[in-house]
Amino acid sequence: MKYIDLNADIGESFGNFKVGEDEAILPLVSSINVACGFHAGDFMVMAECCKLAREYGVNLGAHPGYPDLWGFGRRSIPYTKEEITNMLLYQLGALSAFARAEGVKITHVKPHGALYNDAVVKLEVAEAVARAVWVFDPEIAIVTLPYGRLFEIAGEMGLTVIREGFADRGYLPDGRLVPRNQEGAKKTGDEAVAQALALAEGWVKAVDGTVIKAEVDTICVHGDNIEAVKLAQKINQELESKNIHVQAWRKKRA
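Letter by letter, the sequence shown follows residues -11 to 242 of our numbering.
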């Protein structure tokens, strides 16, 4: 039997503003990435997500982003390397406190939105992100695309790298994600399920039809997608039908 980790970005509500169905998606994934208050999330939401991670036994990841509530962290904002490292340490420290209160630990860090994309292509951003994780806890893994600056830098530093694919996002021929403001950026329904299955088998089809090699350890379903729960259910069913079991990346795989 083959195994794949299925992850979801959650905890992106704050105050009276609700995003996604966090608890409903927990039984369907093996890892979660929790917003840390800068692009979304707040102290109550972060605490609840850590509690849910403990209750459902999933891997708990930090999902830090640029300080951009208005843009949901999806706008690239120029910061110095020191600023990026420190903004990540700030967010990791906050989530770590809530995790400790629940008796769980952060297992991985997945940058959010524009920070994620910038770290793929910009050396200084990648170095800043990798340094933050290294300084905070070098045993924590970094989640990123299976190529690019962060993938390379984190590997060179000896950090564990979890290679990620996306069920609900379109791909460019060079393996990058299609920008959200362009046609083909999102995958939904059966198309997203089919892409998840392809990724689990090590490949993905780009928007122009090019077949790309994509060896991944984890597949993401975005929690702010209105059909996220239904999509995760269908992906689980289809993976199991292909004898591919959803399991957290850190657990021993026989």
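Glycine included, each C-beta is placed from N, C-alpha and C at the ideal position.
Which same chain residues, not among the five before or five after E9, have their C-beta less than 6 Å away from its C-beta? V217
May I ask you to report which of helix, strand or coil DSSP gives R241? Here R241 scores only 41 on pLDDT, less than 50, and its place in the model should not be relied on; the value that follows carries that caveat. It is coil, neither helix nor strand.
Among A173, V199 and L227, nearest to V181 - alpha-carbon criterion: L227
Taking the alpha-carbon positions, what's the A202 to G153 distance? 8 Å
Rounded straight-line distance, which links the Cα of G136 to that of L173: Here the sequence assigns Ala to residue 173, which means Leu is not the residue at that position. Cα to Cα, A173 sits roughly 19 Å from G136.
In three-state terms, what does DSSP make of R168? coil
Let me check understanding here. Comparing Cα to Cα, which of L133, L138, N105 and G101 lies closest to V117? If we check each option's Cα against that of V117, L138 comes out closest.
Under a Cβ-count criterion, where at least 16 other Cβ atoms within 10 Å of its own Cβ denotes burial, should R157 be classed as buried or exposed? When all chains shown are included, R157 counts as buried.
Contact between the segment 111 to 128 and the segment 182 to 189 (3+ Cβ pairs under 8 Å): no
What is the rounded straight-line gap between the Cα of R62 and the Cα of D106? 10 Å
Is the separation between the beta-carbon of A102 and that of I141 shorter than 9 Å? At the C-beta level, A102 and I141 stay beyond 9 Å of one another.
Taking the C-alpha atoms as reference points, what is the distance between K239 and I94? The pLDDT assigned to K239 is 44, lower than 50, so where the model puts this residue is not dependable, and the model offers no usable value.
For M145, collect the residues of the same chain with a Cβ closer than 7 Å to its Cβ; drop the 5 residues on either side in sequence, then sort them by chain order. A118 and W122
Measuring only the C-alpha atoms, how far is V131 from I150? 5 Å
Rounded to whole angstroms, how far is the Cβ of V166 from the Cβ of V195, which I believe are closer than 8 Å? 6 Å
Boundaries of the beta strand (DSSP E) in which W191 is found, first to last residue: For W191, the enclosing beta strand (DSSP E) has its first and last residue at W191 to K193.
Uninterrupted beta strand (DSSP E) stretches inside the segment 118 to 180 (no shorter than 3 residues): 129 to 132 and 149 to 154
Figure out for me which residue from E90, M(-11) and A23 has the closest Cα to the Cα of H210. A23
Have a look at K230 and E71 and give me their C-alpha separation to the nearest angstrom. Annotation: K230 to E71 spans about 45 Å, alpha carbon to alpha carbon.
Secondary structure at Y54, three-state DSSP: helix, strand or coil? Coil.
Between the CA atoms of D205 and D(-7) - distance to the nearest angstrom: 6 Å
Environment of P15 [buried if 16+ CB atoms lie within 10 Å]: exposed
Straight-line Cα distance separating G53 from G59: 11 Å
Does DSSP put I214 in a helix, in a strand, or in coil? coil
What does a CB cutoff of less than 8 Å around N224 pick up in its chain, not counting 5 residues either side in sequence? L(-6), L16 and V234
Buried or exposed (CB count within 10 angstroms, at least 16 for buried), E179: exposed
First and last residue of the beta strand (DSSP E) that includes K201? V199 to K201
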